[in-house]
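Below is one structure, written out as structure tokens; comments come after it.
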Amino acid sequence: ETGVTQSPTHLIKTRGQQVTLRCSSQSGHNTVSWYQQALGQGPQFIFQYYREEENGRGNFPPRFSGLQFPNYSSELNVNALELDDSALYLCASSADRVSYEQYFGPGTRLTVT
Amino acid sequence: EDQVTQSPEALRLQEGESSSLNCSYTVSGLRGLFWYRQDPGKGPEFLFTLYSAGEEKEKERLKATLTKKESFLHITAPKPEDSATYLCAVEASNFGNEKLTFGTGTRLTIIP
Numbered sequence: 056e057t058g059v060t061q062s063p064t065h066l067i068k069t070r071g072q073q074v075t076l077r078c079s080s081q082s083g084h085n086t087v088s089w090y091q092q093a094l095g096q097g098p099q100f101i102f103q104y105y106r107e108e109e110n111g112r113g114n115f116p117p118r119f120s121g122l123q124f125p126n127y128s129s130e131l132n133v134n135a136l137e138l139d140d141s142a143l144y145l146c147a148s149s150a151d152r153v154s155y156e157q158y159f160g161p162g163t164r165l166t167v168t
Numbered sequence: 003e004d005q006v007t008q009s010p011e012a013l014r015l016q017e018g019e020s021s022s023l024n025c026s027y028t029v030s031g032l033r034g035l036f037w038y039r040q041d042p043g044k045g046p047e048f049l050f051t052l053y054s055a056g057e058e059k060e061k062e063r064l065k066a067t068l069t070k071k072e073s074f075l076h077i078t079a080p081k082p083e084d085s086a087t088y089l090c091a092v093e094a095s096n097f098g099n100e101k102l103t104f105g106t107g108t109r110l111t112i113i114p
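Same order as they appear, the protein sequences are chains A and B. With the first sequence counted from 1, adding 55 to any position gets you this note's numbering. With the second sequence counted from 1, adding 2 to any position gets you this note's numbering.
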């Protein structure tokens with residue numbers, strides 16, 4: 056067990072809706088990263104937060120946004136859902152911004168219909 | 003742009019049959035290369051970090067090695083419980099952008 060938790064486990068949404076996914080990082084980890092993993096693919100980097108500020112972003116549109124809170128929790132928000140947003144969403148925490156080891160949560164499976 | 007290529011895509015082995023998984027990479031300054039194990043529907047589980055060419059790390063039946071262009075994950079006398087997808091990822095040494103770039107993984111099946 057890594058100590059990283061995510062909720063909900065599964066979620067079904069309709070195209071055009073908005074969704075919020077939540078992550079609780081391992082205690083003491085002040086860096087959180089979010090990844091999108093499509094079926095049969097490796098995880099793709101969405102963005103990273105360090106001490107509540109965005110610290111790098113992958114090739115995802117602005118409708119993907121995030122927040123990090125002082126209590127080691129974070130959120131991923133996706134607006135105007137599209138069918139291609141269906142994927143496993145993973146958060147990973149690390150001890151600091153230059154820590155080389157990221158520990159992943161179990162993921163949230165999002166299905167957009 | 004950082005790239006990671008894993009081969010083979012899928013590998014079926016008999017229990018006890020040793021083999022190796024390959025991860026080749028191109029990155030502008032390697033900070034670290036990571037191996038993860040992922041079971042279906044679950045998050046990746048951290049296995050190893052390798053930092054420099056020539057480094058090796060071992061854990062039970064797994065051994066990871068690193069050169070300047072690729073990494074190998076050697077599996078010795080595997081058991082059915084080693085069946086999983088093995089992911090390789092790299093982190094570049096670009097300060098302020100500490101992201102992992104993943105390959106698509108090798109799906110390993112160990113047949114009893």
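We treat Cβ as the ideally placed atom computed from N, Cα and C, and that holds for glycine.
For residue i, which residues in the same chain have their Cβ closer than 7 Å to its Cβ, ignoring the five residues on either side in sequence?
i: residue 6 of chain B; result: 25, 27, 90, 91, 92, 103, 104, 105
i: residue 73 of chain B; result: 25, 35, 52, 66, 67, 90
i: residue 120 of chain A; result: 132
i: residue 63 of chain A; result: 163
i: residue 71 of chain A; result: 135, 136
i: residue 79 of chain B; result: 18, 20, 63
Return the CA-CA distance between residue i and residue j, expressed in angstroms with no decimal places.
i: residue 113 of chain B; j: residue 106 of chain A; result: 46 Å
i: residue 147 of chain A; j: residue 108 of chain A; result: 16 Å
i: residue 59 of chain A; j: residue 21 of chain B; result: 32 Å
i: residue 13 of chain B; j: residue 167 of chain A; result: 32 Å
i: residue 73 of chain A; j: residue 16 of chain B; result: 46 Å
i: residue 112 of chain A; j: residue 102 of chain A; result: 4 Å
i: residue 85 of chain A; j: residue 75 of chain B; result: 30 Å
i: residue 98 of chain A; j: residue 75 of chain A; result: 19 Å
i: residue 128 of chain A; j: residue 81 of chain A; result: 9 Å
i: residue 32 of chain B; j: residue 55 of chain B; result: 10 Å
i: residue 88 of chain A; j: residue 117 of chain A; result: 16 Å
i: residue 30 of chain B; j: residue 149 of chain A; result: 22 Å
i: residue 94 of chain B; j: residue 4 of chain B; result: 8 Å
i: residue 165 of chain A; j: residue 62 of chain B; result: 35 Å
i: residue 135 of chain B; j: residue 8 of chain B; result: Lying before the first or after the last residue shown, residue 135 of chain B is absent from chain B, which here runs from 3 to 114.
i: residue 92 of chain A; j: residue 130 of chain A; result: 17 Å
i: residue 141 of chain A; j: residue 42 of chain B; result: 16 Å
i: residue 67 of chain A; j: residue 125 of chain A; result: 29 Å
i: residue 77 of chain B; j: residue 11 of chain B; result: 16 Å
i: residue 169 of chain A; j: residue 23 of chain B; result: Chain A is shown only over 56 to 168; residue 169 of chain A falls outside these bounds and no answer can be derived.
i: residue 94 of chain A; j: residue 138 of chain A; result: 13 Å
Look up residue i in the DSSP assignment and say whether it is helix, strand or coil.
i: residue 23 of chain B; result: strand
i: residue 57 of chain B; result: coil
i: residue 156 of chain A; result: coil
i: residue 138 of chain A; result: helix
i: residue 3 of chain B; result: coil
i: residue 107 of chain A; result: coil
i: residue 83 of chain B; result: helix
i: residue 43 of chain B; result: coil
i: residue 93 of chain A; result: coil
i: residue 11 of chain B; result: coil
i: residue 132 of chain A; result: strand
i: residue 113 of chain A; result: coil
Under 6 Å Cβ to Cβ from residue i, same chain only, skipping five residues before and after it: list those, please.
i: residue 87 of chain B; result: 40, 107, 109
i: residue 50 of chain B; result: 37, 59, 66
i: residue 115 of chain A; result: 101
i: residue 79 of chain A; result: 60, 128
Our contact map puts residue i next to residue j with C-beta atoms below 8 Å; I'd like the distance itself, whole angstroms only.
i: residue 104 of chain A; j: residue 123 of chain A; result: 4 Å
i: residue 100 of chain A; j: residue 81 of chain B; result: Incorrect: roughly 33 Å between the Cβ atoms, too far for contact.
i: residue 77 of chain A; j: residue 61 of chain A; result: 7 Å
i: residue 83 of chain A; j: residue 45 of chain B; result: Not quite, the Cβ-Cβ distance comes to about 19 Å (not below 8 Å), so this is no contact.
i: residue 48 of chain B; j: residue 90 of chain A; result: About 14 Å separates the two Cβ atoms, so there is no contact after all.
Enumerate in chain order the residues of its own chain whose CB-to-CB distance from residue i is below 8 Å, with the five nearest sequence positions on each side excluded.
i: residue 57 of chain B; result: 67, 68
i: residue 85 of chain B; result: 110, 111, 112
Could you tell me which chain D residues have their CB closer than 8 Å to the CB of residue i, listed as they occur along the chain?
i: residue 100 of chain A; result: Here the protein chains are A and B, and chain D is not one of them.
Select from the region 63 to 95 of chain A all residues with a C-beta closer than 9 Å to any C-beta belonging to chain B, and list them in chain order. 86, 88, 90, 92, 95
Beta carbons nearer than 8 Å to chain A: which residues of the region 28 to 57 of chain B have them? 33, 34, 36, 38, 43, 44, 45, 46, 47, 48, 51, 53
What residues in the region 60 to 89 of chain B have a beta carbon less than 8 Å from any beta carbon of chain A? 89
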